[in-house]
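A short write-up of the structure that comes next.
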Amino acid sequence: MSEQKANRFGFAINRSRAINYDTSDRKVREYVTMREPSFRLCFACGGCTATCTAGQHASFNLRRMNTYIRRGEIDSLREEVARCMLCGKCLLVCPRGVNTRNVVATTAEALRKLDRNEL
Amino acid sequence: MNSDIFVWPFNLGLYFILIYSVVRSTIWFRNLSRADKLRLQRGFFGMPFMQSIREIFMESLLHRRIFKKNPVLGYMHMSLAFGWFLLIVFGTIEADFFGERHLNPPSHAIFFRWFNPEHGASGLAAIYGHWMDFLLIFILSGLLLAVVKRFIPGMMGMKKTTRHTWSDRIALISLWLIFPSRLLAESFTCGAHGNGGFLTGNLGAALASFLPAADIAPYFWWLYSLSLGTFFFLLPVTRYFHIPVELLLIFMRNSGITTADRWSAYTEVQTHACSSCGICISVCQMSRAAGINDMQSVYFVKGLRNERDIAAITANCLMCGRCDEVCPVGIELGPLRLIERRQGEREVTKLKFFDRYGLMRRREHIEREPTQSYSYLTPEEEKPADVLFFAGCMTHLTPSVIAAMKKIMDSAGVRYRFMDEQGGVCCGRPLMLAGRDREARELINHNSDIIWKSGAKTLVTSCPICYKVFRESYYLEAEVMHHSEFINLLIEEGSLRPGYLHRRVVYHDPCDLGRGSGIYDEPRAVISYVAELQPVPEERSMSLCCGGSLGNLTLSSGKRSLIAADAARILTQSDPDEVITSCPLCKKTFAKATETRVSDIAELVAAALPKPVRKTRGRASLAAVKTVADG
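Protein sequences appear in the order of chains G and U.
According to the numbering used here, the residues represented by the first sequence are 29 to 147, in order.
According to the numbering used here, the residues represented by the second sequence are 54 to 684, in order.
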């Protein structure tokens, strides 16, 4: 029985989703926090996601992106960050004054540097 | 005959800079595109030539634009440039006319007094001597102002002066030394021979009364020659290189060469034509309101010229365009910054000495992969419309503006379709401002597709950011209108009849609508129709940025609110009832920064519309008619 089918009955063992904060890739997080310190202010209210222009057309979620950055889930992050249109609506709704556009831009930059082994 | 050894520093410097300028200009000319080369050639042998000569006289010598900004500052620049020019011209005439032979080498004119110490005792020569003294004192007065400006910039309407590199400082000192040393050298020579004009003669006589003038004079002639020579030698690596390059720039610009969207010989000429005068620092709101003094256009251009790492400077700019407006050289600072943003990161490798100071520079950039991808967007189905209304992302954050626009268009009987009612796709300008043009193209294509399919004749948008990109980067058949233009049109053709509101209002020009697209009069016409419009201190082409600009990627929200508060304070100086703007982003930003009510122009007009006749009253009157008829 495939894993998917087994899952339907709730008895298969799910693939491990444990995030080990000690061994996770912190490079992107450090790069973004250093370049855009306001990133730390985010308290994940989700206002940005609610207003997002790109989010109306695709599954783009700045709050989720934030989690990926913190966890060091680079592959998921890469997919997520590419969808942003940088329109800046999130900037205006953010109650904490996080410079959200720059968080996205810096993350994209960090990922590019990561590919070139410059991070 | 007259060739003392002390003229050599001057001679070498002069010949060096002449040869260097010619070689450099030739290389720039060679690097121009074919079309631009033709333009420049045609410009050189046609009407643009006269225009250029006029501009060189008005701007490079008289400094008219700086005069307009501040008369004292203008006088300072004029006396140094125009005064020096006159001194050279009349010095050459003097040497030619009174010298023993014609067509002398330049050094003969510059050191005329040394070679002809007995000259100018009487007659026409003496009167000419007074005139030369007058020119010298004209320059010296400007020099005095320049020295004062360095220490008290506020005196000339400057908030700050530019921080200079070491080479600039040495060149500055040698420039400052040139004229006082000439004054002293001439005075001592005149003092020793008992002649000279009203300045050098009297000063010379006074000095000669207690000093051995004839022995001291050569030292000052040496100093004069050395400071000139140093100045000329340092010219290519300092800001003073703008003196020859600005002439080239004026010729190029008048020939019709434009800043395209990439680096070219023309953009390089622009960066070298910057005189680092620092006028862009004083007008920059990030400097005057938020205390950021190291990222203004002067430092951007300087970093560009000296191949420094300017990534942080490039990103940290509101792109409001105020510096473009005041730049006395007319450098297109905004477009240059956008080109640099588009180029992306610079190569990390260090430049070799030759690359940095050589004549040929290659600007290497890492080939940029697109970071964003919008393949998830699905094409929309065809929905025909005459008038398309595109609110834009920011307008969706100010629903009152959308409601007002709906009310206005309904009242005027416009048959329109609300293009992004369900939340559309971004216009692409924010991406372009972040230097991601290729990605922006995807969004532009998506939106263009919808607009073309609708067959609309008019596209109305409520957001100046979208308006600018629709006009400049979209290829559309539909006429693009900002809602202030559209409302003005509706009022003019009589389909919209708003009443008059007894409110005193001020109008804030959004950057992308005013300076960016040149729309100043339409919004004012609309506002004057419905309310009392008051003037504000800095408006039209010098209007302030609200601070919310999407042009700046890195500015923190704290600094943004400082800029917004400063701009709002200036706007509300006359204590108006309402601040009117025509940009949803400005409205949102100002709303947080001031106690005064901030509204969009559409909201103002909507409020002035007569209330529609209520249906209940209509029914009652009908009933009344009925009863009368029955009775």
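For every residue, glycine included, the Cβ atom is placed at its ideal position computed from N, Cα and C.
All figures in this text were calculated on a predicted structure; none of them were measured in a lab.
* Residues of the region 606-629 of chain U with a CB closer than 9 Å to any CB of chain G: list them in chain order, please. => If the cut-off is 9 Å between Cβ atoms, the region 606-629 of chain U has L606, T607, L608, S609, S610, G611, R613 and S614 near chain G.
* **Alpha-carbon to alpha-carbon, A245 (chain U) and S350 (chain U)** => Each residue's Cα considered, the two are about 50 Å apart.
* **Sequence-distant residues of the same chain with beta carbon closer than 8 Å to N346 (chain U), five excluded per side** => So the list reads K213, I334 and S340, once near-sequence residues are dropped.
* Asked: Based on the DSSP output, what are the partners of I345 (chain U) in its beta bridges?
  -> Note: I345 (chain U) is not bridge-paired with any residue in the DSSP secondary-structure output.
* Asked: If you draw a straight line from the C-alpha of A133 (chain G) to the C-alpha of W219 (chain U), how long is it?
  -> Approximately 35 Å between the Cα atoms of the pair.
* Asked: Could one say the Cβ of Y429 (chain U) lies closer than 8 Å to chain G's Cβ atoms, at least one of them?
  -> So yes, Y429 (chain U) belongs to the interface.
* Nearest chain U C-beta to T79 (chain G) closer than 8 Å, yes or no? -> By this cut-off, T79 (chain G) is an interface position.
* Under 6 Å Cβ to Cβ from L288 (chain U), same chain only, skipping five residues before and after it: list those, please. => Spatial neighbours of L288 (chain U) in its own chain (CB-CB distance under 6 Å, excluding positions within 5 residues in sequence) are listed in chain order as I70 and F294.
* Using a Cβ cut-off of 8 Å, pull out every chain G residue sitting near T514 (chain U), in sequence order please. => By Cβ distance, chain G contributes nothing, its closest Cβ being about 14 Å from T514 (chain U), past 8 Å.
* To do: Could you name the residues of the same chain whose beta carbon sits closer than 8 Å to that of F284 (chain U), not counting the 5 residues immediately before and after it, in chain order?
  => Apart from sequence neighbours up to five positions away, the residues of its chain that approach F284 (chain U) with a beta-carbon distance below 8 Å are G66, A224, S227, L228, I231 and Y293, ordered along the chain.
* Asked: With 16 other CB atoms within 10 Å as the buried threshold, where does I616 (chain U) fall?
  -> I616 (chain U) comes out buried.
* Determine the DSSP secondary structure at V132 (chain G), reduced to helix, strand or coil. => Reduced to three states, the DSSP call for V132 (chain G) is helix.
* To do: Under 7 Å between beta-carbons, which chain G residues line up against C446 (chain U)? List them in chain order, please.
  => Neighbours of C446 (chain U) in chain G, taken as residues whose beta carbon is under 7 Å from its own, are T81, C115 and K117 in chain order.
* Classification of K117 (chain G) by the beta-carbon crowding that lies within 10 angstroms, buried from 16 upward -> Buried, by the Cβ-count rule.
* Taking F67 (chain G) as the reference, which of G:T95, G:R106, G:S104 and G:R140 has the closest Cα? -> The candidate whose alpha carbon is nearest that of F67 (chain G) is G:T95.
* **Which of helix, strand or coil DSSP assigns to T214 (chain U)** => Per DSSP, reduced to three states, the secondary structure at T214 (chain U) is coil, with no helix or strand assignment.
* Under the rule that 16 or more other beta-carbon atoms within 10 Å means buried, what is A238 (chain U), buried or exposed? -> By the neighbour-count rule (16 or more Cβ atoms within 10 Å), A238 (chain U) is buried.
* Asked: What does A86 (chain G) touch in chain U if you count any residue whose Cβ is under 7 Å from its own?
  -> Near A86 (chain G) (Cβ distances below 7 Å), the residues of chain U are Y429.
* Report yes or no: is there a C-beta of chain G within less than 8 Å of the C-beta of L603 (chain U)? => Output row for L603 (chain U): interface = yes.
* To do: Let me know the secondary structure DSSP gives D463 (chain U) once reduced to three states.
  => If DSSP states are grouped into helix, strand and coil, D463 (chain U) belongs with the helices.
* To do: Note down, one range per segment and in chain order, each alpha helix (DSSP H) of at least 4 residues found wholly within the region 301-340 of chain U.
  => Runs found: 318-326 and 332-336.
* To do: Determine, using beta carbons only, whether R99 (chain G) and G74 (chain G) come nearer to each other than 8 Å.
  => No. Outside cutoff.
* **Limits of the unbroken beta strand (DSSP E) element including M534 (chain U)** => For M534 (chain U), the uninterrupted beta strand (DSSP E) run begins and ends at E532 to H535, by DSSP.
* Along chain G, in chain order, which residues have C-beta atoms closer than 7 Å to that of S426 (chain U)? -> Simply A110.
* To do: Express the C-alpha separation of V298 (chain U) and K355 (chain U) in angstroms, rounding to a whole number.
  => So the alpha carbons of these two residues sit roughly 15 Å apart.
* **For F191 (chain U) and G136 (chain U), the rounded distance between their alpha carbons** => For G136 (chain U) and F191 (chain U), the distance between alpha carbons rounds to 6 Å.
* Name the chain U residues whose beta carbon is nearer than 8 Å to that of G100 (chain G)? -> Within 8 Å Cβ-Cβ: nothing; G100 (chain G) doesn't reach chain U, min ~19 Å.
* Residue range of the alpha helix (DSSP H) that Q6 (chain U) falls in? -> There is no way to answer for residue 6 (chain U), as the model of chain U reaches only from 54 to 684.
* C-beta neighbour in chain U for A133 (chain G), strict 8 Å -> The beta carbon of A133 (chain G) sits closer than 8 Å to some beta carbon of chain U.
* To do: Per DSSP, which residues does V651 (chain U) bridge with? Please list them.
  => V651 (chain U) pairs with U:V632.
* Thinking C-alpha only, which one of G:E107, G:N127 and G:V131 is nearest L608 (chain U)? -> Of G:E107, G:N127 and G:V131, the smallest CA-CA separation from L608 (chain U) is found for G:N127.
* **Same chain only: Cβ atoms within 6 Å of R556 (chain U), ignoring 5 sequence neighbours per side** => Around R556 (chain U): A584, D630 and E631.
* Quick one: Cα of H183 (chain U) to Cα of S160 (chain U), how far? -> Across the structure, H183 (chain U) and S160 (chain U) are spaced so that their CA atoms are roughly 21 Å apart.
* Starting from R92 (chain G), trace the beta strand (DSSP E) both ways and give me its first and last residue. => From DSSP, R92 (chain G) is part of no beta strand (DSSP E) but of the alpha helix (DSSP H) over L90 to R99.
* To do: Kindly list, in the order they appear in chain G, the residues whose Cβ is closer than 7 Å to that of L496 (chain U).
  => Neighbours of L496 (chain U) on chain G, chain order: M113.
* **Backbone secondary structure at N55 (chain U) - three-state DSSP** => Low confidence applies here, because N55 (chain U) scores a pLDDT of 49, under 50, leaving its location unreliable; read the following figure in that light. Coil at N55 (chain U), not helix or strand.
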